[in-house]
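Colleague:
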Amino acid sequence: MIAAMVAAFAIVFAISRNRAEESAESLANAPAAAGDIISELEAKTAANPNDPAAWQQLGMAYFESDRFAEAAKSYEKAASIDPKQAVVWSALGEARVMASDRDPMPGPAADAFERAIAIDPKDPRARYFLAVRKDLSGDHAGALDDWLALLEDTPADAPWRADLIRTVEQVGKINAVDIENRLAEAGAKSPPAAPPVAAQAIPGPSSQDLAAASRMRPAEQQQMAEGMVSRLEDRLKGDPANVDGWIMLMRSRMVLEQPDKAAKALADAVAANPGKADYLRQQAAILGIK
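Going by our numbering, the first residue of the sequence shown is number 228, and it counts up by one from there.
Here's what the structure looks like:
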């Protein structure tokens with residue numbers, strides 16, 4: 228039982244911290260900045276109490292500052308406003324686990340993970356923790372089956388992959404289960420790493436645009452570039468699910484030496500696509516967005 232708890236909490240941090248690696252590192256190194264972010268998000272939720280994305284962002288900020296009970300309350304609010312987001316339910320479950328002093332899998336946490344799975348059977352965080360529940364109940368074989376199935380669906384570059392493998396190895400060893408061959412087979416079935424969209428070529432201006440730009444003064448070229456980026460930003464307001472478009476916007480802002488606006492594009496992209504938060508942050512890190 229104790230070993231299972233250790234394994235559970237080990238991967239809790241692996242999944243949650245890597246999910247927001249860049250922002251978590253920033254918060255850890257600059258607590259004053261973390262306080263500023265939280266204050267801004269608290270003000271945002273006060274001004275827009277029916278905005279689920281704002282409550283979700285506040286929950287993430289609390290979680291990254293180890294304020295787990297407050298994170299849970301924020302996620303609860305987000306889930307009550309928009310109960311159809313699996314990622315919010317699984318984040319709520321994780322926050323409830325971390326907020327618990329004694330019980331490694333509180334009933335309300337398990338309930339939240341069940342809600343997440345009902346919406347999205349592939350939600351990795353919910354799948355992991357529901358396997359933890361099996362392990363804690365003594366169903367070690369069932370837990371290992373579920374973790375191995377999760378590994379099969381885990382991309383090669385997923386930030387929690389190494390910790391998931393470590394957990395399978397540890398639980399197998401503790402319970403005298405020979406897992407080596409099955410672990411290798413599951414790993415071989417994993418999807419390949421996603422290509423870094425941020426580093427790929429992104430369609431630029433037309434030949435006519437370039438010809439026109441060559442005749443412009445630098446200030447006019449800057450104005451032209453700003454106009455193109457603004458049009459992209461406007462298009463994303465009508466198509467917020469366009470993840471590659473958000474990455475293009477982030478890259479454009481960095482090219483224009485506007486890191487603050489690039490960071491805002493990342494925040495807006497995550498708010499509009501919470502299920503793609505990991506991927507968006509990965510691409511942002513490639514671009515050097517903090």
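We put the beta carbon where it would ideally sit given N, CA and C, even for glycine.
Using DSSP with H/G/I as helix, E/B as strand and the rest coil, what is Met481?
Modeller: Against the sequence shown, residue 481 aligns to sequence position 254. The answer is helix: DSSP assigns Met481 an H, G or I state.
Colleague: Can you grab the Cα-Cα spacing for the pair Glu248 / Leu507, in whole Å?
Modeller: Position 21 of the sequence shown, counted from the start, is the residue given in the question as residue 248. Position 280 of the sequence shown, counted from the start, is the residue given in the question as residue 507. Annotation note: pLDDT 41 at Glu248 (below 50); position unreliable, no value reported.
Colleague: Pick helix, strand or coil for Ser387, following the three-state DSSP scheme.
Modeller: As a position in the sequence shown, residue 387 is number 160, starting the count at 1. Sequence inspection shows Trp at residue 387; the Ser mentioned does not correspond to that position. In the structure shown, Trp387 sits in coil (DSSP, three-state: anything other than H, G, I, E or B).
Colleague: When burial is assigned at 16 or more other CB atoms within 10 Å of the CB, is Val398 buried or exposed?
Modeller: In the sequence shown, residue 398 corresponds to position 171, counting from 1. Flag for Val398 reads buried.
Colleague: Candidates Leu459, Leu391 and Trp473: which alpha carbon is nearest Ala494's?
Modeller: The sequence position of residue 494 within the sequence shown is 267, counting from 1. Nearest C-alpha to Ala494: Trp473.
Colleague: Specify, as a first and last residue, the run of the alpha helix (DSSP H) that Lys491 falls within.
Modeller: By one-based count along the sequence shown, residue 491 stands at place 264. Where Lys491 is concerned, the enclosing alpha helix (DSSP H) stretches over Pro486 to Ala499.
Colleague: To the nearest angstrom, report how far apart Pro501 and Gly454 are at their CA atoms.
Modeller: To locate residue 501, count along the sequence shown from 1; it is residue 274. To locate residue 454, count along the sequence shown from 1; it is residue 227. When rounded, the separation of the alpha-carbon atoms in Pro501 and Gly454 is 28 Å.
Colleague: On the CB-based measure, 16 or more other CB atoms within 10 Å of its CB, does Asp505 come out buried or exposed?
Modeller: If you number the sequence shown from 1, residue 505 lands on position 278. The residue in question, Asp505, is buried, as its Cβ has 16 or more Cβ neighbours within 10 Å.
Colleague: What residue from Asp328, Arg329, Ala318 and Lys349 has the CA that sits closest to Asp338's CA?
Modeller: Here residue 338 refers to the residue found at position 111 when the sequence shown is read from its first residue. Minimum Cα distance to Asp338 is reached at Ala318.
Colleague: Go ahead and pull the three-state DSSP assignment for Ala299.
Modeller: Start at 1 with the first residue of the sequence shown, and residue 299 comes out as number 72. If DSSP states are grouped into helix, strand and coil, Ala299 belongs with the helices.
Colleague: How long is the line joining the alpha carbons of Asp461 and Val482, rounded to whole angstroms?
Modeller: Numbered from 1 along the sequence shown, position 234 holds the residue referred to as residue 461. Numbered from 1 along the sequence shown, position 255 holds the residue referred to as residue 482. For Asp461 and Val482, the distance between alpha carbons rounds to 18 Å.
Colleague: Looking at Ala492: is its Cβ nearer than 8 Å to the Cβ of Arg480?
Modeller: Mapped onto the sequence shown, residue 492 falls at position 265. Mapped onto the sequence shown, residue 480 falls at position 253. Taking 8 Å as the Cβ cut-off, Ala492 and Arg480 qualify as a contacting pair.
Colleague: Helix, strand or coil for Pro331? Go by DSSP, reduced to three states.
Modeller: Taking the sequence shown and counting its residues from 1, one reaches residue 331 at position 104. If DSSP states are grouped into helix, strand and coil, Pro331 belongs with coil.
Colleague: I'd like the span of the alpha helix (DSSP H) that includes Ser574, first residue to last.
Modeller: The structure shown does not extend to residue 574, since the chain spans only 228 to 517, so no value can be given for it.
Colleague: My output table needs one value for Ala404: the three-state DSSP class, helix, strand or coil.
Modeller: Position 177 of the sequence shown, counted from the start, is the residue given in the question as residue 404. Looking at the sequence shown, residue 404 is not Ala but Val. DSSP places Val404 in coil when its eight states are reduced to three.
Colleague: State the Cα-Cα distance for the pair Tyr355 and Met325, rounded to the nearest angstrom.
Modeller: In the sequence shown, counting from the first residue as 1, residue 355 sits at position 128. In the sequence shown, counting from the first residue as 1, residue 325 sits at position 98. Going from the Cα of Tyr355 to the Cα of Met325 covers about 15 Å.
Colleague: Assuming Leu268 and Ala288 are in contact, meaning their beta carbons sit under 8 Å apart, how far apart are those beta carbons, in whole angstroms?
Modeller: Sequence index remark: in the sequence shown, residue 268 carries index 41 (1-based). Sequence index remark: in the sequence shown, residue 288 carries index 61 (1-based). A Cβ-Cβ separation of about 5 Å places Leu268 in contact with Ala288 under the 8 Å criterion.
Colleague: Any idea if Gly320 is buried or exposed, counting beta-carbon neighbours within 10 angstroms, 16 or more meaning buried?
Modeller: Taking the sequence shown and counting its residues from 1, one reaches residue 320 at position 93. That one is buried.
Colleague: Roughly how many whole angstroms lie between the Cα atoms of Thr381 and Lys488?
Modeller: The count along the sequence shown starts at 1 and reaches residue 381 at position 154. The count along the sequence shown starts at 1 and reaches residue 488 at position 261. One C-alpha to the other measures close to 32 Å.
Colleague: Using a Cβ-Cβ cut-off of 6 Å (strictly less than) and excluding sequence neighbours within five positions of Ala353, which residues of its own chain qualify?
Modeller: Within the sequence shown, residue 353 is the residue found at index 126, counting from 1. Correct list, in chain order: Ser317, Phe340, Ala343 and Ile344.
Colleague: Using three-state DSSP, classify Ile308 as helix, strand or coil.
Modeller: As a working mapping, residue 308 is identified with position 81 in the sequence shown. If DSSP states are grouped into helix, strand and coil, Ile308 belongs with the helices.
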